[in-house]
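Structure first, commentary second.
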Amino acid sequence: MLKFYYNPRSPMARRVWRYLLEKGIQSEPILLNLNGDQLKDDYLQINPFHHVPAIVDNGFRVIESLAILDYLETKYPTPALLPKNAQALATVRMVQMISTNELLPKVIALIFESEDSPKCLQAKHNIDIVMKFFSDILGDNDYFGGRYLTLADIVAGTDISLLPKLGFDFKNYPKVNDWFERLMQRDVWQKTELTTEEFEQFKRVLMIIRQRKMRKD
Ligand SMILES: N[C@@H](CCC(=O)N[C@@H](CS)C(=O)NCC(=O)O)C(=O)O
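Following the UniProt record's numbering, the numbering of the sequence shown begins with 1 at its first residue and continues without gaps.
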């Protein structure tokens with residue numbers, strides 16, 4: 001069976017977790033608490049960068065959440081969560097990459113930086129740019145790829161879901177707001193959304209990982 005190494009509070013692992021649930025793909029979940037268990041030799045053999053998520057499928061290892069999603073989507077193409085149309089596919093990829101490269105690092109900055117610090121204000125400014133971009137892309141569609149859920153919604157929806165927990169609402173972005181509410185009505189999303197307490201645990205884990213990284217650097 002497909003082995004899925006994850007932590008339910010990690011946004012990157014949550015992307016894959018939600019994908020597996022949306023597609024109904026059976027897996028053997030292997031929980032890493034990220035309290036040092038990701039640094040043990042047996043896990044470093046799977047992911048030398050000691051991150052979750054990772055999967056091992058019949059001995060084939062894949063790390064990096066976006067690569068895992070591509071691997072699984074190719075292996076389990078139905079129902080399709082990647083469009084075939086060139087423009088829709090490019091849009092889905094753009095949203096995935098913008099969420100990963102532009103949004104998530106700024107969300108993490110909001111967690112670490114004190115409110116009204118220059119870094120926090122800059123992060124909020126960049127998040128606003130992403131929200132405007134996402135609003136334009138959504139237009140009158142239900143989801144980023146059109147009428148149906150795609151990998152773009154899973155990735156961006158999972159990353160964006162941290163924002164309300166940090167006091168950032170979407171009232172200036174009604175299209176993002178409607179899309180987010182639509183996602184949150186889905187069974188899988190209701191079952192897997194972080195509680196306030198789980199989010200506080202996630203922040204503590206992030207803090208520990210960050211301190212370890214700063215000591216190493
Ligand atoms: N680019 C990777 C990043 C994964 C990542 O940063 N995972 C974090 C949790 S969100 C982690 O496992 N950190 C543990 C560590 O750095 O020791 C991906 O998309 O899979």
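Virtual Cβ for every residue (Gly too), placed ideally from N, Cα, C.
* DSSP state of Asp128 mapped onto helix, strand, coil -> Annotated three-state conformation of Asp128 is helix, per DSSP.
* Asked: Which partner residues of Phe4 appear in the DSSP bridge assignment?
  -> Pro29, Ile55
* Nearest to residue 227 by alpha carbon, out of Glu193, Asn172, Gly36, Gln26? -> Lying outside 1 to 217, the shown extent of the chain, residue 227 is not represented and no answer is given.
* Determine the burial state of Lys165: buried for a count of at least 16 other Cβ atoms within 10 Å of its Cβ, exposed for fewer. => buried
* Is any heavy atom of ligand 1 found at a distance shorter than 7 Å from the C-beta of Gln201? -> no
* **For Gly139, the nearest candidate out of Thr158, Tyr173, Val107 (CA to CA)** => If we check each option's Cα against that of Gly139, Tyr173 comes out closest.
* To do: Figure out for me which residue from Val176, Thr192, Asn7, Arg147 has the closest Cα to the Cα of residue 254.
  => Any question about residue 254 goes unanswered here, given that the chain covers just 1 to 217.
* **Rounded straight-line distance, which links the Cα of Leu121 to that of Lys132** => 17 Å
* To do: Please name the residue or residues paired with Phe168 in a DSSP beta bridge.
  => DSSP output for Phe168 lists no bridge partner at all.
* Asked: Could you give the C-beta distance for Val155 and Arg9, rounded to a whole number, given that I count them as a contact under 8 Å?
  -> So it is not a contact: roughly 17 Å between Cβ atoms.
* Nearest to Lys119 (by Cα), restricted to the options Val107, Val130, Ile129 -> Val107
* Excluding the 5 residues preceding and the 5 following Pro11 in the sequence, name in chain order all residues of the same chain whose CB lies nearer than 7 Å to its CB. => Leu104, Thr158, Asp159, Leu162
* Can you pull the DSSP bridge partners for Ile160? -> For Ile160, DSSP records no beta bridge to any residue.
* Quick one: using the 10 Å Cβ neighbour count with 16 as the cut-off for buried, is Asn48 buried or exposed? => Reading off the sequence, residue 48 comes out as Pro, not Asn. Exposed, since its Cβ has fewer than 16 Cβ neighbours within 10 Å.
* **Proximity to Ile111 [Cα-Cα], best of Glu200, Ala13, Met214** => For Ile111, the nearest C-alpha among the options comes from Glu200.
* Specify the secondary structure class of Tyr173 as computed by DSSP and reduced to three states. => coil
* Asked: Does the pairing of the region 69-78 with the region 88-95 give three or more beta-carbon distances under 8 Å?
  -> no
* Give me the Cα-Cα distance between Phe60 and Arg186, rounded to the nearest whole angstrom. => Each residue's alpha carbon lies about 31 Å from the other.
* DSSP beta-bridge partners for Ile63? -> Ala54
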